[in-house]
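Asks: Positions 2 to 349 (this note's numbering) are the ones given, in order, by the sequence shown. No residue lacks a Cβ here, since even glycine has one placed at the ideal position from N, Cα and C.
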Amino acid sequence: MTNKVPDSLIDLCTELGQDINLVQGAGGNISIKQGNDFWIKASGTWLADARKSTIFVQLGLKEVLTAFENGSNDFTDCIISTNGLRPSIETSLHAIMPQKVVVHVHSINSLSWVARKGGDKLVAERLKGLSWAWIDYIRPGLPLTQLIQSVIKDKPRVDVLMMANHGLVVAADTVDEVKDLLKDVEKRLLPPTVTSSAIDEAKLSTLLKLLPEGCRLAKNKQVNILAQSEEATELIREGALYPDHVVFLGHSMPVLEPNELHLLKEVLPASPHCALIKGLGVILGSSCSLSEEAMLECFALLAPTLPAKAELSYFSAQQIGELLNWDAEKLRQAADKMRQSEMENAKK
Ligand SMILES: [Zn+2]
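#1: Throw me the rounded Cβ distance for the Lys279 and Glu258 pair, which I believe falls under 8 Å.
#2: Using only the heavy atoms of ligand 1, determine whether one of them is closer than 7 Å to the beta carbon of Glu91.
#3: Which of the three DSSP states, helix, strand or coil, is assigned to Phe316?
#4: Let me know the secondary structure DSSP gives Asn84 once reduced to three states.
#5: Does at least one heavy atom of ligand 1 sit under 7 Å from the Cβ of Pro141?
#6: Which of the three DSSP states is assigned to Val159 in this structure?
#7: Go ahead and pull the three-state DSSP assignment for Ala68.
#8: Could you pull out every residue in the same chain whose Cβ sits closer than 6 Å to the Cβ of Ala241, ignoring the five residues on either side in sequence?
#9: Return the chain-ordered ranges of every alpha helix (DSSP H) run that is complete within the segment 214-243 and spans a minimum of 4 residues.
#10: For the candidate residues Val283, Trp40, His107, whose alpha-carbon lies nearest to that of Ser93?
#11: Excluding the 5 residues preceding and the 5 following Gln341 in the sequence, name in chain order all residues of the same chain whose CB lies nearer than 8 Å to its CB.
#12: In the DSSP output, what is Phe76 paired with across the bridge?
#13: Beta-carbon within less than 7 Å of Thr146's beta-carbon, same chain only, minus the 5 sequence neighbours each way: which residues are those?
#14: With distances taken between CB atoms, is the gap from Gly28 to His107 smaller than 8 Å?
#15: Under the criterion of a Cβ to heavy atom distance below 7 Å, does His167 qualify as lining ligand 1?
#16: Looking at Ile136: is its Cβ nearer than 8 Å to the Cβ of Leu169?
#17: Which of the three DSSP states is assigned to Ser32 in this structure?
#18: I need the straight-line Cα distance from Leu313 to Ser113, nearest angstrom please.
#19: Is any heavy atom of ligand 1 found at a distance shorter than 7 Å from the C-beta of Cys105?
#20: Report all residues from its chain with a CB closer than 7 Å to the CB of Thr207; omit the five preceding and five following residues, and keep chain order.
#21: Let me know the secondary structure DSSP gives His105 once reduced to three states.
#22: Let me know the beta strand (DSSP E) ranges lying completely inside the segment 174-216, each 3 residues or longer, listed in chain order.
#23: Can Ala271 and Ile284 be called in contact, C-beta distance under 8 Å?
#24: Spatial neighbours of Asn37 within its chain, please: C-beta separation below 7 Å, excluding the five flanking residues on both sides.
#25: Pick out whichever of Ser198, Val102, Asp12 has its Cα sitting closest to the Cα of Ile226.
#26: May I ask which residues mark the beginning and end of the beta strand (DSSP E) holding Ile21?
#27: With Leu1 as the anchor, note down where its alpha helix (DSSP H) starts and where it stops.
#28: Kindly identify the DSSP beta-bridge partner or partners of His164.
#29: Is Gly45 a contact residue of ligand 2, with contact defined as CB to any heavy atom under 7 Å?
#30: Tell me, to the nearest whole angstrom, how far the beta carbon of Pro244 is from that of Leu324; I am working on the premise that it is less than 8 Å.
#31: Please determine, among Gly286, Trp47, Thr194, Arg127, the residue with the shortest C-alpha to C-alpha distance to Arg217.
#32: Considering only heavy atoms of ligand 1, does any lie closer than 7 Å to the CB of Gly28?
#33: In the DSSP assignment, the beta strand (DSSP E) including Gly120 goes from what residue to what residue?
#34: Quick check: what's the CA-CA separation for Leu66 versus Glu235?
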């Protein structure tokens, strides 16, 4: 039994973490089981950082499963070697899967289906031949793992989970197998109508001239599609379709007319620290974090793959409140802020 995360898994984390179509910001997590050693990504860390910093926590598998069976979702007591990191809020989900390697991503291709009403029927044909299950939306953490357990317990080994309003899980016994499976599933889930419209550079230049001091535009120009495309603005304006959007951007995106930029000083200090300027682009305030920016990128990629608002399954006010008031998410936001300030200090 090796007492370390295999290099092949670190490579996989880095590869997936650098692909914005699969992982955005601190989202997504990976685990591996070696006997009773259970390694899981830490809460608030980024998969993309796997090579340059420690992102895994080592836990005892039996201990995690016992704590879960006892109704707990706090696994800090199951940590084998402490490194100051907290296990992912999705730890129990990884633990109950019988496969050795579990990968969970909020990929654009999976979100495009799990955000739709009746998504289970829409993906059935595409996933035909795979051992997969649909999991209705329920808050991540203990309730989600309990639901997964009840769904998969009577089925032959399930390798793929499509989680409504959340994302995708693929599981296999080796790193290579999980990689192949993820590739296969992603290919099957590729949405048929990706009408990624090009960014209007002239409008962006106009916005750049109007940009107030301390503000910036997103690194990825495509983010501006959220303001340049009326359909995309409509989709993001009021409402959220998956947990990380709620956690990092809230559920209501400020939209201003180009002649309302004086309102930015009231809008930008509050979360989500950015605003859509109708027809022009997206302005990011000085306190807009990399995670907020990553979630904007996510929605900019997702929006062109989505049908009209009426066919989507938006979170209810109650579901949003449940996510925002959940202590585990507050800790994840805090860990993410810590990473951001460490990066800023490193730059100085
Ligand atoms: Zn997730």
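Replies: Taking the structure as given:
#1: Yes, Lys279 and Glu258 are in contact; Cβ-Cβ is about 5 Å, under 8 Å.
#2: Yes, since a heavy atom of ligand 1 falls inside the 7 Å radius drawn around the Cβ of Glu91.
#3: Three-state DSSP puts Phe316 in coil, outside helix and strand.
#4: It is coil, neither helix nor strand.
#5: Yes, the beta carbon of Pro141 sits closer than 7 Å to at least one heavy atom of ligand 1.
#6: Here Val159 carries a coil assignment [DSSP, helix/strand/coil].
#7: Correct three-state label for Ala68: helix.
#8: If the five residues before and after Ala241 are omitted, its C-beta is found closer than 6 Å to the C-beta atoms of Val247, His252, Phe316, all from its own chain and listed in chain order.
#9: The qualifying runs are 226-229, 231-238.
#10: When each option's Cα is compared against that of Ser93, the closest is Trp40.
#11: If you ignore the 5 residues before and after Gln341, its C-beta comes within less than 8 Å of the C-beta of Ser290, Leu291, Ser292, all in its own chain and listed in chain order.
#12: Bridge partners of Phe76: none, in fact.
#13: Taken in chain order, the residues that qualify are Phe69, Ser93, Leu94, Ile97.
#14: Against a cut-off of 8 Å, the Cβ pair of His107 and Gly28 comes out as a contact.
#15: Result yes, Cβ under 7 Å from ligand 1.
#16: Against a cut-off of 8 Å, the Cβ pair of Leu169 and Ile136 comes out as no contact.
#17: Ser32 sits in a strand when the DSSP states are folded into three classes.
#18: Spanning the two alpha carbons is a distance of roughly 10 Å.
#19: Going by the sequence as given, residue 105 is His instead of Cys. Between ligand 1 and the CB of His105, the shortest heavy atom gap is smaller than 7 Å.
#20: Closer than 7 Å at the Cβ level, and outside the excluded window around Thr207, lie Leu281.
#21: Note: His105 maps to strand in three-state DSSP.
#22: Listed in chain order, nothing qualifies, since the segment 174-216 has no complete beta strand (DSSP E) run of 3 or more residues.
#23: Contact annotation: Ala271 and Ile284 have beta-carbon atoms that are not nearer than 8 Å.
#24: Contacts found: Gly61, Leu62, Lys63.
#25: Distance from the Cα of Ile226 is smallest, within the candidate group Ser198, Val102, Asp12, for Ser198.
#26: Under the DSSP assignment, Ile21 falls outside any beta strand (DSSP E); it carries neither an H nor an E label.
#27: Residue 1 cannot be examined here, being either before or after the span of the chain that is shown, 2 to 349.
#28: Sequence inspection shows Met at residue 164; the His mentioned does not correspond to that position. In the DSSP output, where bridge partners are listed per residue, Met164 has Ile136, Gly168.
#29: The model on display carries ligand 1 but not ligand 2.
#30: Rounded, the Cβ-Cβ distance is 6 Å, consistent with contact.
#31: Minimum Cα distance to Arg217 is reached at Gly286.
#32: Under cutoff, so the answer is yes.
#33: In the DSSP assignment, Gly120 falls outside any beta strand (DSSP E) and within the unbroken alpha helix (DSSP H) covering 120-125.
#34: Taking the straight line from one Cα to the other gives about 43 Å.
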